[in-house]
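K.L.:
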Amino acid sequence: MRIVEPYSFPKIEFAHIYKTERYSNNFIPVPDMIEITYLEEGKLSIIAEGIRYEAQEGDIICFLRNSYLKIWSTEFHCHHTVCATLKWKETDGFSKGFILPFIVKSQKGTDEIQKAVDDFIYTIQLQEGGSVRASVRFLDILCKIDSVSRNSDNISLPSETLYAERAKKYIYQHIHDLITLSDVSGSLGISAGYLCGIFKKEYGISLMRYVNKTKLESIKKLMDNENVRLYEAAMIFGYKNANYVSFLYKKIFGRNITDKPSMVP
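This note's numbering puts the first residue of the sequence shown at -14, with every later residue one more than the last.
Structure below.
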């Protein structure tokens, strides 16, 4: 079982639907690349790290492109793929990353993953997915795969860890919305006080501070990398008052949000 811990924002490489009568390809390693594919029709055979896998219609395939891959099919098949590069590492900690099996067999929940992949492809093809929004959508696909994998593999996690994990996923899935503590606790069916305690215990930070910190880091990246104005970036992540965002950023990070990124020689 592979547990992948990202530590950078995804950069989208491509998203497409591919149909062919026969298929054969050898892929060299590409560091930091993750591809998520689902088979709409047909079958695929894959050899990765000396192990042979067989993917059937409806299966989800999670390619970590850090090793050689051989992929082939002797009959018609159609696959839907999204691909991004991001810094990641494999970890043993359930609470630190996404569970990404090589193949997630078609089952309850995989239809939601397929829908998320198709929505992503459609958005990218229409060029309506800004880099930050597209990155969040890609992370949401990883969240959905992780959720299905944990349920299907019957992984036993301590209930507190599981609640903290689900709270974190809720935050990423609603990162552009106004998020309140009651929103998150209500989605989990537990009290706000209980959630506060277990989240702080698991991650060493209060839930709402984590929400604000995550949003503010995304706002800063949007301003620095895409020259988006503060009030525009703030609106994208659910803040209506740019002055409040400036105040909050200074309080949490100890510097002004409008400061230029420091250049490391």
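Note that CB positions come from ideal geometry on N, CA and C, so glycine has one too.
Within the same chain, show all residues whose beta-carbon is closer than 6 Å to that of Gly94, passing over the 5 residues directly before and after it, in chain order.
P.N.:
Only Val133 meet the Cβ criterion.
K.L.:
Could you tell me if Asp22 is buried or exposed, where buried requires 16 or more neighbouring beta carbons within 10 angstroms of its beta carbon?
P.N.:
As written in the sequence, residue 22 is Thr, which differs from the Asp given in the question. By the 10 Å Cβ count, Thr22 comes out buried.
K.L.:
Among Asp131, Ala69, Tyr148 and Lys74, which one has its Cα closest to the Cα of Ile98?
P.N.:
The shortest Cα separation from Ile98 among Asp131, Ala69, Tyr148 and Lys74 belongs to Asp131.
K.L.:
On the premise that Pro16 lies in contact with Glu52, defined as a C-beta separation below 8 Å, what is that separation, rounded to the nearest angstrom?
P.N.:
The question names Glu, but residue 52 in the sequence shown is Ser. Actually they are not in contact, since the Cβ atoms of Ser52 and Pro16 sit about 10 Å apart, beyond 8 Å.
K.L.:
Whole-angstrom Cβ separation of Ile2 and Cys63, contact assumed at under 8 Å?
P.N.:
Sure, about 7 Å apart at Cβ, within 8 Å.
K.L.:
Determine which residues share a DSSP beta bridge with Met18 and list them.
P.N.:
In the DSSP output, where bridge partners are listed per residue, Met18 has Thr70.
K.L.:
Mind the definition here: the region 42 to 49 touches the region 22 to 32 only if three or more C-beta pairs lie below 8 Å; say whether that holds.
P.N.:
Judged by Cβ distances under 8 Å, the region 42 to 49 makes contact with the region 22 to 32, as three or more pairs qualify.
K.L.:
Give the DSSP-derived three-state secondary structure of Glu97 in the structure shown.
P.N.:
In the structure shown, Glu97 sits in a helix (DSSP, three-state: H, G or I).
K.L.:
Give a yes or no on whether the C-beta atoms belonging to Leu207 and Val230 are separated by under 8 Å.
P.N.:
Going by C-beta atoms, Leu207 is not nearer than 8 Å to Val230.
K.L.:
State buried or exposed for Asp244, treating a residue as buried only when at least 16 other CB atoms are found within 10 Å of its CB.
P.N.:
By the 10 Å Cβ count, Asp244 comes out exposed.
K.L.:
Are the region 217 to 227 and the region 174 to 181 touching, with three or more C-beta to C-beta distances below 8 Å?
P.N.:
No, because fewer than three Cβ pairs between the region 217 to 227 and the region 174 to 181 fall closer than 8 Å, the two stretches do not touch.
K.L.:
What first and last residue would you give for the beta strand (DSSP E) that runs through Tyr38?
P.N.:
Per DSSP, Tyr38 belongs to the beta strand (DSSP E) from Ile36 to Ala40.
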